[in-house]
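If you read the protein sequences in the order shown, they are chains A and B. Counting from 1, position 169 in the first sequence corresponds to residue 535 in my numbering; the numbering is continuous, with no gaps. Counting from 1, position 65 in the second sequence corresponds to residue 431 in my numbering; the numbering is continuous, with no gaps.
Protein chains: 2
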Amino acid sequence: MKRIASLLVAVAMPVLLVAYTPSTSRQGGEEASPIYGLTIPAGYRDWKLISVGRVVGHNNDLRAKLGNDVAINAYREGKIPFPDGTIIARLAWHEVTSEENNKALRDVDSFVAGSATNLEFMVKDSKKYASTGGWGFAQFTDGKPDSEALHKTCFPCHEPAKDQDFVFTRYAP
Amino acid sequence: MKRIASLLVAVAMPVLLVAYTPSTSRQGGEEASPIYGLTIPAGYRDWKLISVGRVVGHNNDLRAKLGNDVAINAYREGKIPFPDGTIIARLAWHEVTSEENNKALRDVDSFVAGSATNLEFMVKDSKKYASTGGWGFAQFTDGKPDSEALHKTCFPCHEPAKDQDFVFTRYAP
């Protein structure tokens, strides 16, 4: 048993260290979002990709949706509603033209992610957030939660996606 | 020791299972790219996000760059040249308008990832690929490698990015 235990230490520790090593620049923030009381989840920048998109209007951004393991497994298994513990992160960046890419690619126009805009999260907790479809919402700008007025708009905006458990984003193949 | 061992089994096994469970739909393909002999790396869809972008011209796509752990660590540490073992994946999808998002967001235009276009990889092996800056290249469409003629264009196109070790993509914050 001692040998098995040592083996387990040897095998398990690197995996555990990788899983739990804090990455300071990607740590969660301390301040919680109004209404929902959510902080930036630690390690979200390491989560797996759900999909990408962009919005033209206020920001002209490029965006990525990342999911924690609960979210990714639910997406891949087509599990609706999403189980408690699901967290979906929306990262976004100002879209900028890449002159460098355009020179190399010549006959196309290439756009890339510039500076970050804001950061959004949806967290599933069907009891805690029963009055908003089981979801808590949060938006952070420069690491600080945005206003209560803004957070009041989250759920009404997501309501039309009720058939997909209030989530608009589909998993990209 | 027995109790510690049991605890380790309890703690370690779920982590190990998550790390090593094969995901059939995301397995690597069998057929190798011409010139460079690269197959689709198993598990690439689970890799971490480097950045996002889009190209307007032939495809009007949305794209994501993912990196294996060697790639992500090198990016975050600003390590140039990238170490051997680095793999960068470029996923791309046809960009489609999301009428559903537009209805919810009202005064903006939202675009999302539609069906996949093709899949590209850069693999760093400074000895094996010495004549092409240490990089092997591969492009796959519907899981099959594209032509030799196409693969001859990869390195010349990447040459202008010599100062960043032939990699155009920057890490998105």
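Note that CB positions come from ideal geometry on N, CA and C, so glycine has one too. None of the values given here were measured: they were computed from a predicted structure.
Asked: Kindly list, in the order they appear in chain A, the residues whose Cβ is closer than 8 Å to that of residue 466 of chain B.; Found: 526, 527, 534
Asked: Since residue 426 of chain B and residue 413 of chain B should fall inside the 8 Å C-beta cutoff, what is the C-beta to C-beta distance between them, to a whole number of angstroms?; Found: Wrong, their Cβ atoms sit about 25 Å apart, outside the cutoff.
Asked: Using DSSP bridges, identify the partner residues of residue 483 of chain B.; Found: Paired residues: none, contrary to the question.
Asked: Given that residue 477 of chain B touches chain A, what residues does it touch there, using C-beta distances under 8 Å?; Found: 419, 420, 421, 422
Asked: Specify, as a first and last residue, the run of the beta strand (DSSP E) that residue 414 of chain B falls within.; Found: 414 to 422
Asked: Quick one: which chain A residues come within Cβ less than 9 Å of residue 473 of chain B?; Found: 423, 424
Asked: Residue 404 of chain B CB to nearest chain A CB: under 8 Å?; Found: no
Asked: Distance cutoff 8 Å, beta carbons only. Does residue 485 of chain A sit that close to anything in chain B?; Found: no
Asked: By how many angstroms is the C-alpha of residue 522 of chain A removed from the C-alpha of residue 481 of chain B?; Found: 29 Å
Asked: Name the residues in the segment 501 to 521 of chain A whose C-beta lies less than 7 Å from a C-beta of chain B; which are they?; Found: none
Asked: Should residue 432 of chain B and residue 415 of chain B be called a contact, given that it needs their Cβ atoms to be closer than 8 Å?; Found: yes
Asked: Using a cut-off of 8 Å between C-beta atoms, extract the partners of residue 539 of chain A located in chain B.; Found: 459, 481, 482
Asked: Taking the beta strand (DSSP E) that residue 427 of chain A belongs to, which residues open and close that run?; Found: 427 to 433
Asked: At a CB-CB cut-off below 7 Å, which residues of chain B make contact with residue 412 of chain A?; Found: 414
Asked: With 16 as the cutoff for other CB atoms within 10 Å, does residue 411 of chain A come out buried or exposed?; Found: buried
Asked: Check whether chain B comes within 8 Å of residue 440 of chain A, counting only Cβ atoms and requiring the distance to be less than that.; Found: no
Asked: Within the 8 Å Cβ cut-off, does residue 469 of chain A reach chain B?; Found: yes
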